[in-house]
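Going by the numbering used here, the sequence shown runs without a break in its numbering and finishes at 306. Virtual Cβ for every residue (Gly too), placed ideally from N, Cα, C. Structure first, commentary second.
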Amino acid sequence: MKTGNRDNFSSNIISILKQRAAFICSNPDCKCLTIAPSKTDPEKVEFNGVASHICSAAPGGPRYNSEMTPEERSGIKNGIFLCSNCSVLIDKNNGIDYSESTLINWKLNHENWVASNLNKKLLDNKSTTINVVSHNQIGGITAGVVNVGEPQRKLTPRLKAETDKMFPDNNENISVSYVSGNTEALNFATEIKDYLISKGFTIKGLGSFQRSPEVFGLAIENSRHENGRCILVGYPKK
Ligand SMILES: [Zn+2]
């Protein structure tokens, strides 16, 4: 849809973008809800979401790509749903801090997150409960037979290599959690967290969990309220 020199989205594309994002900002550090019922008018909503262009709608704008056709520029693939704050943020300094690939990642991760939450109870951010979507044991990471008084598990070079393979992209949001109350697991989780940070990952601290059945060794699962995966450090393997 051409408006002046802008290749704008059609109202249909805007509508689909916001629904696919569940009206939640796609910025992984924001994720705010953009819609609410009006407090006074029962027939109105308060809405502050924006269907933003990934590559600018007009020449000279943030991430403008002259190779794109007008159809591509106004197509759904070039759109990302954000709250009004984040839609302004990504264009600051003509978008230098928010590359096309970053925004595409946000969008894909966010839509996956929405899809994985369909028909599930949404949790508040403080909760440490993690929904098990996939639950794959890492083979090598539970090295050794562990008895009471067994030495602290360590991230050996082999386990580091395995971790590198498992987590190739340091833009992924990874969280690390240890079995609640277990100092050995806490120490091991701390070592894993520090290793990932040294690899350029952003890890916001450690969570703890309690599970039934209990988790032994290390497990990886999709995180419930973050994009990306969670590493669970369970009890030393029986
Ligand atoms: Zn936002």
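Write down the C-beta distance between residue 156 and residue 90 rounded to the nearest angstrom, noting that I regard them as a contact closer than 8 Å. Actually they do not touch by this definition, with Cβ atoms about 21 Å apart.
Given 6 Å as the limit, tell me if residue 295 has its C-beta closer than that to any heavy atom belonging to ligand 1. Residue 295: no, Cβ never under 6 Å from ligand 1.
Can you give me the Cβ contacts of residue 103 inside the same chain, cut-off strictly under 6 Å, excluding the 5 residues immediately before and after it? Within the same chain, Cβ atoms closer than 6 Å to the Cβ of residue 103 are found at 91, 113, 115, the five residues on either side in sequence being excluded.
Secondary structure, alpha helix (DSSP H): runs of 4+ residues fully inside the region 219 to 287: Runs found: 225 to 234, 251 to 266.
When you measure from the CB of residue 153 to every non-hydrogen atom of ligand 1, does any distance come out below 6 Å? yes
CB-CB under 8 Å to residue 220, same chain, minus the five flanking residues each way: which ones, in chain order? The answer, listed in chain order, is 252, 255, 256.
Find the nearest neighbour of residue 75 within the set 138, 88, 98, 160, judged by alpha-carbon distance. 138
First and last residue of the uninterrupted alpha helix (DSSP H) at residue 183: 168 to 184
Could you give the C-beta distance for residue 282 and residue 303, rounded to a whole number, given that I count them as a contact under 8 Å? 6 Å
On the CB-based measure, 16 or more other CB atoms within 10 Å of its CB, does residue 300 come out buried or exposed? Classification for residue 300: buried.
Just confirm the distance between the C-beta atoms of residue 22 and residue 119, as a whole number of angstroms; I'd bet it's less than 8 Å. It is not possible to answer for residue 22, since the shown part of the chain is limited to 69 through 306.
State the DSSP-derived secondary structure class of residue 88, mapped to helix, strand or coil. helix
Three-state secondary structure assigned by DSSP to residue 190: Under the three-state reduction of DSSP, residue 190 is assigned to coil, being neither helix nor strand.
For ligand 1, I want to know if residue 298 counts as a neighbour, meaning its beta carbon is within less than 6 Å of at least one of the ligand's heavy atoms. no
Would residue 225 be called buried (16 or more neighbouring beta carbons within 10 Å of its own) or exposed? exposed
Confirm, please, whether the CB-CB distance from residue 295 to residue 96 is below 7 Å. The answer is yes: Cβ separation under 7 Å.
Residue nearest to residue 307 in terms of C-alpha spacing, selected from 84, 262, 232, 233: There is simply no residue 307 to check, as the chain begins at 69 and stops at 306 in what is shown.
Hey, could you find the ends of the beta strand (DSSP E) residue 114 is sitting in? 113 to 115
Do residue 242 and residue 269 count as a contact pair if the criterion is CB distance below 7 Å? yes
On the CB-based measure, 16 or more other CB atoms within 10 Å of its CB, does residue 78 come out buried or exposed? exposed
Run the proximity test for residue 93: is its beta-carbon closer than 6 Å to any non-hydrogen atom belonging to ligand 1? yes
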